[in-house]
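Chemist: Starting off with a structure, shown below.
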Amino acid sequence: MNIASKCVVSMHYKLTNEEGEELDSSDGRDPLKYLHGASNIVPGLEKALEGKSAGDSVQVVVQPEEGYGDVNPQMVQTVPRSAFEGAPEIKAGMQFQAQGPQGEAQLITVTEVSGDEVTVDGNHPLAGQVLHFDVTVEEVRAATEEEISHGHAH
Ligand code: ZN
Numbered sequence: 154m155n156i157a158s159k160c161v162v163s164m165h166y167k168l169t170n171e172e173g174e175e176l177d178s179s180d181g182r183d184p185l186k187y188l189h190g191a192s193n194i195v196p197g198l199e200k201a202l203e204g205k206s207a208g209d210s211v212q213v214v215v216q217p218e219e220g221y222g223d224v225n226p227q228m229v230q231t232v233p234r235s236a237f238e239g240a241p242e243i244k245a246g247m248q249f250q251a252q253g254p255q256g257e258a259q260l261i262t263v264t265e266v267s268g269d270e271v272t273v274d275g276n277h278p279l280a281g282q283v284l285h286f287d288v289t290v291e292e293v294r295a296a297t298e299e300e301i302s303h304g305h306a307h
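In short: position in the sequence shown from 1, add 153, done, that's this note's numbering.
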């Protein structure tokens, strides 16, 4: 079976950056499952996997515009510490789940804490990065009705 819309794909993957540093991988874990054609994975990788089948290996270099987008400087903001009322100690590197303008889940990273001011970055941690994927397709199967209606693999 070849990868097309409404297929559930299981794959092992390794993601490295331009410098060859490993950013993420499924090594030692179950293969990653996703619903093809539902924007579950970045567009550049989804495109490269179209038409492939179990056993195929794919190496693809994904530019930011087909990955996690460019870094948007407007998404870096300085807010008062009081904005984090109820949160424990605020430190650089902490991440919060917030709601984006369209109600979507957005990951906010604290990049600096200075006195009463906290700098937060709402860009995806991989925004602006060229992504090198090394993928092996493990399994391709038809998605169930339920998976298609949910927009993700089960
Ligand atoms: Zn579901």
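Beta carbons: idealized from backbone N, C-alpha and C, even for Gly. As the structure is a computational prediction, the values presented were derived from the model and not from experiment.
Can you tell me whether Leu198 is helix, strand or coil according to DSSP?
Modeler: Your numbering for residue 198 matches position 45 in the sequence shown. Helix at Leu198.
Chemist: DSSP three-state label for Val250, please.
Modeler: By 1-based counting over the sequence shown, the position of residue 250 is 97. The amino acid at residue 250 is misidentified as Val; the sequence shows Gln. Strand, per DSSP.
Chemist: Hey, is His303 close to ligand 1, as in C-beta under 7 Å from one of its heavy atoms?
Modeler: Stepping through the sequence shown from its first residue, residue 303 is reached at position 150. Yes, ligand 1 has a heavy atom inside 7 Å of this Cβ.
Chemist: Straight-line CA distance for Gly178 to Ile194?
Modeler: Stepping through the sequence shown from its first residue, residue 178 is reached at position 25. Stepping through the sequence shown from its first residue, residue 194 is reached at position 41. According to the sequence displayed, residue 178 carries Ser and not Gly. Near 14 Å, if we compare the C-alpha coordinates of Ile194 and Ser178.
Chemist: Where does Gln250 land, buried or exposed, given buried means 16+ other C-beta within 10 angstroms?
Modeler: As a first step, residue 250 is located in the sequence shown; it is residue number 97 there, counting from the start. It is exposed - the Cβ of Gln250 has fewer than 16 other Cβ atoms within 10 Å.
Chemist: For the stretch 262-279 and the stretch 215-229, state whether three or more C-beta atom pairs, one from each stretch, are separated by less than 8 Å.
Modeler: Yes: at least three Cβ pairs fall under 8 Å.
Chemist: Could you please give the first and the last residue of the uninterrupted alpha helix (DSSP H) stretch that includes Ile261?
Modeler: As a position in the sequence shown, residue 261 is number 108, starting the count at 1. Segment Ala258 to Ser267 is the beta strand (DSSP E) holding Ile261; no alpha helix (DSSP H) there.
Chemist: Specify, as a first and last residue, the run of the beta strand (DSSP E) that Ser158 falls within.
Modeler: Stepping through the sequence shown from its first residue, residue 158 is reached at position 5. Note, Ser158: premise wrong, no beta strand (DSSP E); not H, not E.
Chemist: Run through the DSSP bridge pairs and tell me what Val232 is partnered with.
Modeler: Looking up residue 232 in the sequence shown gives position 79. Val271.
Chemist: Quick one: using the 10 Å Cβ neighbour count with 16 as the cut-off for buried, is Gly197 buried or exposed?
Modeler: As a first step, residue 197 is located in the sequence shown; it is residue number 44 there, counting from the start. Buried.
Chemist: Comparing alpha-carbon positions, which option in Ala236, Val162, Ala157 and Gly181 lies nearest Thr272?
Modeler: Counted from its first residue, the sequence shown places residue 272 at position 119. Answer by Cα proximity: Ala236.
Chemist: If you draw a straight line from the C-alpha of Ser192 to the C-alpha of Leu185, how long is it?
Modeler: Counted from its first residue, the sequence shown places residue 192 at position 39. Counted from its first residue, the sequence shown places residue 185 at position 32. Cα to Cα, the separation comes out at about 14 Å.
Chemist: Please indicate yes or no: does the CB of His307 lie closer than 7 Å to some heavy atom of ligand 1?
Modeler: On the sequence shown, residue 307 is found 154 positions in, with the first residue counted as 1. The answer is yes for His307.
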